[in-house]
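K.L.:
If you scroll down you'll find the structure; I have some questions about it.
There are 2 protein chains.
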Amino acid sequence: MLQTPPAIPGMREEEIDTPALVIDLDAFEYNLDHMAALLAPTGVKLRAHAKTHKSPVVAKLQMARGAVGQCVQKVAEAEVLAWGGIPDILVSNQVVGAAKLARLCALTSIAKTAVCVDDALQVEWIEQAAANSGRRMTVLVEIDVGAARCGVPPGPAAVELAKRIAVSKHLIFGGLQAYQGSAQHKRTVAERQTLIGSAVDAARRTVEQLRQQGLDCPIVGGAGTGTFQIESTSGIYTEMQCGSYVFMDADYARNLDAEGNPISTFRHALFVLATVMSAPHTGLAVLDAGHKAVPIDSGMPVVWQKPDIRYVSASDEHGKLIVGSETTMPKLGEKLRLVPGHCDPTVDRYDWYVGVRGGRVESLWPVAARGAMA
Amino acid sequence: MLQTPPAIPGMREEEIDTPALVIDLDAFEYNLDHMAALLAPTGVKLRAHAKTHKSPVVAKLQMARGAVGQCVQKVAEAEVLAWGGIPDILVSNQVVGAAKLARLCALTSIAKTAVCVDDALQVEWIEQAAANSGRRMTVLVEIDVGAARCGVPPGPAAVELAKRIAVSKHLIFGGLQAYQGSAQHKRTVAERQTLIGSAVDAARRTVEQLRQQGLDCPIVGGAGTGTFQIESTSGIYTEMQCGSYVFMDADYARNLDAEGNPISTFRHALFVLATVMSAPHTGLAVLDAGHKAVPIDSGMPVVWQKPDIRYVSASDEHGKLIVGSETTMPKLGEKLRLVPGHCDPTVDRYDWYVGVRGGRVESLWPVAARGAMA
Numbered sequence: 003m004l005q006t007p008p009a010i011p012g013m014r015e016e017e018i019d020t021p022a023l024v025i026d027l028d029a030f031e032y033n034l035d036h037m038a039a040l041l042a043p044t045g046v047k048l049r050a051h052a053k054t055h056k057s058p059v060v061a062k063l064q065m066a067r068g069a070v071g072q073c074v075q076k077v078a079e080a081e082v083l084a085w086g087g088i089p090d091i092l093v094s095n096q097v098v099g100a101a102k103l104a105r106l107c108a109l110t111s112i113a114k115t116a117v118c119v120d121d122a123l124q125v126e127w128i129e130q131a132a133a134n135s136g137r138r139m140t141v142l143v144e145i146d147v148g149a150a151r152c153g154v155p156p157g158p159a160a161v162e163l164a165k166r167i168a169v170s171k172h173l174i175f176g177g178l179q180a181y182q183g184s185a186q187h188k189r190t191v192a193e194r195q196t197l198i199g200s201a202v203d204a205a206r207r208t209v210e211q212l213r214q215q216g217l218d219c220p221i222v223g224g225a226g227t228g229t230f231q232i233e234s235t236s237g238i239y240t241e242m243q244c245g246s247y248v249f250m251d252a253d254y255a256r257n258l259d260a261e262g263n264p265i266s267t268f269r270h271a272l273f274v275l276a277t278v279m280s281a282p283h284t285g286l287a288v289l290d291a292g293h294k295a296v297p298i299d300s301g302m303p304v305v306w307q308k309p310d311i312r313y314v315s316a317s318d319e320h321g322k323l324i325v326g327s328e329t330t331m332p333k334l335g336e337k338l339r340l341v342p343g344h345c346d347p348t349v350d351r352y353d354w355y356v357g358v359r360g361g362r363v364e365s366l367w368p369v370a371a372r373g374a375m376a
Numbered sequence: 003m004l005q006t007p008p009a010i011p012g013m014r015e016e017e018i019d020t021p022a023l024v025i026d027l028d029a030f031e032y033n034l035d036h037m038a039a040l041l042a043p044t045g046v047k048l049r050a051h052a053k054t055h056k057s058p059v060v061a062k063l064q065m066a067r068g069a070v071g072q073c074v075q076k077v078a079e080a081e082v083l084a085w086g087g088i089p090d091i092l093v094s095n096q097v098v099g100a101a102k103l104a105r106l107c108a109l110t111s112i113a114k115t116a117v118c119v120d121d122a123l124q125v126e127w128i129e130q131a132a133a134n135s136g137r138r139m140t141v142l143v144e145i146d147v148g149a150a151r152c153g154v155p156p157g158p159a160a161v162e163l164a165k166r167i168a169v170s171k172h173l174i175f176g177g178l179q180a181y182q183g184s185a186q187h188k189r190t191v192a193e194r195q196t197l198i199g200s201a202v203d204a205a206r207r208t209v210e211q212l213r214q215q216g217l218d219c220p221i222v223g224g225a226g227t228g229t230f231q232i233e234s235t236s237g238i239y240t241e242m243q244c245g246s247y248v249f250m251d252a253d254y255a256r257n258l259d260a261e262g263n264p265i266s267t268f269r270h271a272l273f274v275l276a277t278v279m280s281a282p283h284t285g286l287a288v289l290d291a292g293h294k295a296v297p298i299d300s301g302m303p304v305v306w307q308k309p310d311i312r313y314v315s316a317s318d319e320h321g322k323l324i325v326g327s328e329t330t331m332p333k334l335g336e337k338l339r340l341v342p343g344h345c346d347p348t349v350d351r352y353d354w355y356v357g358v359r360g361g362r363v364e365s366l367w368p369v370a371a372r373g374a375m376a
């Protein structure tokens, strides 16, 4: 059930067994530094999203560069991070169920922990769990800033919920969760600015109404890799929840600037290494990495630095490549790097990161929260 | 990295922690029996595909009902089955790389093992690996019967490759792999019959040409849950490689008979149990199971026996439900069964099957080959 590592430190990249999840460590470290540099002038903090990387090793490298903590979506992810030494964790999501809430409350004894709500019943359940555990839990109100998923409407409904938290004996009102997920992958600057403009207005209005009721918002959190440069200069958001920037994926790379060029200055640092296992005729090759190895929820992977080779379809364990010419036809047994369509679910398919630098395997990091869905 | 089981035997289904992979054991056993009954009159054997279930427990239940062995796609899956006591395993796929081939050859000492090729170079590499291990390996020729993926063309090219196998000192020619994957999910009987008709013709022609060269085909394998009733009565296929029938999924359930009704007589036996974690307003609910919990490569999951509730979109950890009316609106904390769009990648997301009968948890089976991609 737990797979053995596909590599041994010191071996050459071509020797890694496939499919394997490979980090280009130079590009990865560049991304860590680059995000810190981009956020420094804004005064806004990074609370990086660990649903992307699922690793206390990566989390610590982010925090060494100034991140104040981590976001997660699941209690099981929060546990892996807290047990791995991360001191400040926000579950940027609703948590329902007595067993999960008891586990979350238990974590508060070793890490600063917070969770989101969008319903009075959740407040009641968390108060009960916190009381049972003899702990206090920090709770944020999630507002729907346009994604039409979780969250109460901005304004009075959010204030009402915040008051319930504030008067609960074992709860602390922690602020607002205001993530506009549906803006992240809009291709044009104009679309992203319009959607995030509305989100910022909604968050500002809610913060002001809370203040009028004597409720401060220590955290106003949101933003992702696609839009953080808008939220971070809004004057209202205090924490950025970017995740994908550490690795970048093919889908985020399709976001454009005003001139129609790729806007992102982050580098592709995450790859699925795959082997050509069949090459039936010129123009067609098949990789040993299908959608079990590189999920396709955000489109097909891109073959790295081989513009003449297109990954056109994925079945469970086959990736079909169309090759433009005889001279660029990959050989049977050749290994190719794929840029995943979406890094988050891809990482969650593997037990190990294989860190590569200068063509050699440097490190094997466990994907410690692999499969941590509960 | 390995998750703890989400249930304890004896507990009620509603008490299972979510997301969880649940088997309805009655429906599952019905499917096992039903396939055995459908194939019995044909004289054709079942070599069930373990890429669906990844479990020696399930494999043994199939073999207890007459299956002659198992198919897998990966060496790591073959290892899990062989070590779990399965005596006859076909890797219905190409295997490339010296390390993988050495592992495969080592398995032949504990299980009857075979592998497929579609290139003379693969034959050379397998001969080398078999010679190094001092074993003999059975090798099938994969022919492309219409899917335009792996496989040599039917006819002379296949005969040529079979001869190379037959003259290799450490190899045994095992027959033909003739799987028409692109026919499995065609919705109409006519489409499936046309595509499988061509596949049958191609397989028959190749078998005859091999026989003219003195080469018998102990195995002519192929077929899946969508088409096996055509191949099994063709008089040319000897083994059916169906996988999904054990569980059924939402996509296979969309295949139709000549009257436009669902053709499959297998039952939905596999579910992802999920919890409503947010219900912001009437008409909208959000589950704790997004595409990390229930992959969407073959469409969205279907909410079981709740026709008024549609799972309309999946993000990493959120499943968005649109609910038709106030009276059918699920409650916060309510647990719903989802029928996965595609059972194979869904199973591969979990470490545990939770077997349920009569509303109670009966068994916890490890998904022993979870993540076995190498």
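These protein sequence lines are chains A and B, in that order. Its first residue numbered 3, the first sequence is counted upward by one per residue in the working numbering. Its first residue numbered 3, the second sequence is counted upward by one per residue in the working numbering. Note that the Cβ used here is the ideal one computed from N, Cα and C, for glycine as well.
Who are the neighbours of residue 123 of chain A on chain B, taking C-beta pairs under 7 Å?
P.N.:
The residue labelled residue 123 of chain A in the question sits at position 121 within the first sequence. Per Cβ cutoff of 7 Å: 334.
K.L.:
Residue 273 of chain A lies in the beta strand (DSSP E); which residues open and close that run?
P.N.:
Position 271 of the first sequence, counting from 1, holds the residue named residue 273 of chain A. Looking at the DSSP string, the run of the beta strand (DSSP E) that includes residue 273 of chain A is 272-283.
K.L.:
Residue 263 of chain B: buried (16+ other C-beta within 10 angstroms of its C-beta) or exposed?
P.N.:
Start at 1 with the first residue of the second sequence, and residue 263 of chain B comes out as number 261. Looking at its Cβ environment, which holds fewer than 16 other Cβ atoms inside 10 Å, residue 263 of chain B is exposed.
K.L.:
Strictly under 8 Å for the Cβ-Cβ distance: is residue 58 of chain A near chain B by that measure?
P.N.:
By one-based count along the first sequence, residue 58 of chain A stands at place 56. Not an interface residue.
K.L.:
Let me check understanding here. Comparing Cα to Cα, which of B/87, B/120 and B/128 lies closest to residue 106 of chain B?
P.N.:
On the second sequence, position 104 is the one that residue 106 of chain B refers to. When only C-alpha atoms are compared, the closest one is B/128.
K.L.:
In the DSSP assignment, find the unbroken beta strand (DSSP E) run with residue 203 of chain A in it and report its ends.
P.N.:
Position 201 of the first sequence, counting from 1, holds the residue named residue 203 of chain A. Per DSSP, residue 203 of chain A belongs to no beta strand (DSSP E); it is in the alpha helix (DSSP H), 191-214.
K.L.:
At a Cβ cut of 8 Å, what residues of the segment 315-346 of chain B count as close to chain A, listed as they run along the chain?
P.N.:
Those would be 316, 317, 318, 319, 320, 322, 334, 335 and 346, in chain order.
K.L.:
Work out the CA separation of residue 144 of chain B and residue 234 of chain B for me, nearest whole Å.
P.N.:
Indexing the second sequence from 1 puts residue 234 of chain B at position 232. Indexing the second sequence from 1 puts residue 144 of chain B at position 142. Whole-angstrom Cα-Cα distance: 18 Å.
K.L.:
When Cβ atoms are compared, which residues of the segment 74-104 of chain B fall closer than 8 Å to chain A?
P.N.:
Flagged, chain order: 75, 76, 78, 95, 96, 97, 98, 99, 101 and 102.
K.L.:
With residue 83 of chain A and residue 125 of chain A assumed to form a contact (beta carbons below 8 Å), what rounded beta-carbon distance in angstroms separates them?
P.N.:
To locate residue 83 of chain A, count along the first sequence from 1; it is residue 81. To locate residue 125 of chain A, count along the first sequence from 1; it is residue 123. So it is not a contact: roughly 24 Å between Cβ atoms.
K.L.:
Report the residue ranges of all beta strand (DSSP E) runs contained in full by the segment 311-345 of chain A; include only those spanning at least 3 residues, in chain order.
P.N.:
Here the runs fully enclosed are 311-316, 321-325 and 337-341.
K.L.:
Does the Cβ-Cβ distance between residue 274 of chain B and residue 296 of chain B come in under 8 Å?
P.N.:
The sequence position of residue 274 of chain B within the second sequence is 272, counting from 1. The sequence position of residue 296 of chain B within the second sequence is 294, counting from 1. Yes, they are a contact pair.
K.L.:
Cβ of residue 171 of chain B less than 8 Å from any chain A Cβ?
P.N.:
Numbered from 1 along the second sequence, position 169 holds the residue referred to as residue 171 of chain B. So, not an interface residue.
K.L.:
For residue 263 of chain B, which of helix, strand or coil comes out of DSSP?
P.N.:
Position 261 of the second sequence, counting from 1, holds the residue named residue 263 of chain B. The answer is coil: DSSP assigns residue 263 of chain B none of H, G, I, E or B.
K.L.:
Among B/56, B/317, B/91 and B/280, which has the Cα closest to the Cα of residue 298 of chain B?
P.N.:
As a working note, residue 298 of chain B is residue 296 in the second sequence. Ranking the options by Cα distance to residue 298 of chain B, first place goes to B/317.
K.L.:
Can you confirm whether residue 49 of chain B, when its beta carbon is compared against all beta carbons of chain A, has any partner nearer than 8 Å?
P.N.:
To locate residue 49 of chain B, count along the second sequence from 1; it is residue 47. Output row for residue 49 of chain B: interface = no.
K.L.:
Can you give the Cα-Cα distance for residue 118 of chain A and residue 104 of chain A, rounded to whole angstroms?
P.N.:
Here the question's residue 118 of chain A lines up with position 116 in the first sequence. Here the question's residue 104 of chain A lines up with position 102 in the first sequence. So the alpha carbons of these two residues sit roughly 15 Å apart.
K.L.:
Return yes when the Cβ of residue 323 of chain A is within less than 8 Å of the Cβ of residue 396 of chain A, no when it is not.
P.N.:
Lying outside 3 to 376, the shown extent of chain A, residue 396 of chain A is not represented and no answer is given.
K.L.:
Please go through the same chain and pick out, in chain order, the residues whose beta-carbon is closer than 6 Å to the beta-carbon of residue 11 of chain B, but skip the five residues on each side of it.
P.N.:
On the second sequence, position 9 is the one that residue 11 of chain B refers to. If we look at residue 11 of chain B and ignore the five residues flanking it on each side, its Cβ neighbours are 363.
K.L.:
In chain A, what lies closer than 7 Å to residue 243 of chain B by C-beta?
P.N.:
Residue mapping note: residue 243 of chain B aligns to position 241 of the second sequence, counting from 1. The contacting residues do not exist; residue 243 of chain B stays about 13 Å from chain A at best.
K.L.:
Does the separation of the CB atoms of residue 319 of chain A and residue 343 of chain A fall below 8 Å?
P.N.:
For the purposes of this step, residue 319 of chain A is taken as the residue at position 317 of the first sequence. For the purposes of this step, residue 343 of chain A is taken as the residue at position 341 of the first sequence. No, the Cβ-Cβ distance between residue 319 of chain A and residue 343 of chain A is not below 8 Å.
K.L.:
In chain order, what residues of the same chain have a beta carbon less than 7 Å from the beta carbon of residue 238 of chain A, not counting five sequence neighbours either side?
P.N.:
As a first step, residue 238 of chain A must be located in the first sequence, where it is residue number 236. Result list for residue 238 of chain A: 202, 205, 206, 209 and 222, in chain order.
K.L.:
As an exercise, report each continuous beta strand (DSSP E) stretch of at least 3 residues that is fully enclosed by the segment 25-107 of chain A, in chain order.
P.N.:
Those beta strand (DSSP E) runs which fall completely within the segment 25-107 of chain A and span 3+ residues are 47-51, 71-74 and 90-96.
K.L.:
Note down, in chain order, every chain A residue with its Cβ under 8 Å from the Cβ of residue 5 of chain B.
P.N.:
Against the second sequence, residue 5 of chain B aligns to sequence position 3. Simply 78, 373, 374, 375 and 376.
K.L.:
Which chain A residues sit within Cβ distance under 9 Å of residue 253 of chain B?
P.N.:
On the second sequence, position 251 is the one that residue 253 of chain B refers to. The contacting residues do not exist; residue 253 of chain B stays about 13 Å from chain A at best.
K.L.:
Less than 8 Å separating the beta-carbons of residue 138 of chain B and residue 109 of chain B?
P.N.:
Taking the second sequence and counting its residues from 1, the one referred to as residue 138 of chain B is at position 136. Taking the second sequence and counting its residues from 1, the one referred to as residue 109 of chain B is at position 107. No.
K.L.:
To the nearest angstrom, how far is the alpha carbon of residue 307 of chain A from that of residue 282 of chain A?
P.N.:
In the first sequence, counting from the first residue as 1, residue 307 of chain A sits at position 305. In the first sequence, counting from the first residue as 1, residue 282 of chain A sits at position 280. Their backbone Cα atoms lie some 23 Å apart in a straight line.
K.L.:
For residue 223 of chain A, name the three-state secondary structure that DSSP assigns.
P.N.:
Locating residue 223 of chain A in the first sequence gives position 221, where the first residue counts as 1. DSSP places residue 223 of chain A in strand when its eight states are reduced to three.
K.L.:
Taking a Cβ distance cut-off of 8 Å, strictly less, list which residues of the segment 149-166 of chain B are near chain A, in chain order.
P.N.:
Cβ contacts with chain A come from 150, 151, 152, 153 and 154.
K.L.:
Hey, would you say residue 177 of chain A sits closer than 8 Å to residue 244 of chain A, going by beta carbons?
P.N.:
Locating residue 177 of chain A in the first sequence gives position 175, where the first residue counts as 1. Locating residue 244 of chain A in the first sequence gives position 242, where the first residue counts as 1. Taking 8 Å as the Cβ cut-off, residue 177 of chain A and residue 244 of chain A do not qualify as a contacting pair.
K.L.:
May I ask which residues mark the beginning and end of the alpha helix (DSSP H) holding residue 114 of chain A?
P.N.:
Here residue 114 of chain A refers to the residue found at position 112 when the first sequence is read from its first residue. Element bounds for residue 114 of chain A: not the alpha helix (DSSP H) but the beta strand (DSSP E), 114-119.
K.L.:
Decide if the segment 26-39 of chain B is in contact with the segment 65-76 of chain B; the criterion is three or more beta carbon pairs, one per stretch, under 8 Å apart.
P.N.:
With the cut-off at 8 Å, the segment 26-39 of chain B and the segment 65-76 of chain B touch.
K.L.:
Does residue 79 of chain B pass the burial test, meaning 16 or more other C-beta atoms within 10 Å, or should it be called exposed?
P.N.:
Sequence index remark: in the second sequence, residue 79 of chain B carries index 77 (1-based). Looking at its Cβ environment, which holds 16 or more other Cβ atoms inside 10 Å, residue 79 of chain B is buried.
K.L.:
Mind checking who residue 174 of chain B pairs with in its DSSP beta bridge?
P.N.:
Start at 1 with the first residue of the second sequence, and residue 174 of chain B comes out as number 172. DSSP, once it has assigned bridges, lists B/140 as partnering residue 174 of chain B.
K.L.:
When you compare only the Cα positions, how much space is there between residue 215 of chain B and residue 250 of chain A?
P.N.:
Residue 215 of chain B sits at position 213 when you count from the first residue of the second sequence. Residue 250 of chain A sits at position 248 when you count from the first residue of the first sequence. Cα to Cα, the separation comes out at about 55 Å.
K.L.:
Taking any Cβ of chain A, which residues in the segment 297-308 of chain B have a Cβ under 7 Å from it, in chain order?
P.N.:
Residues 297, 298 and 299.
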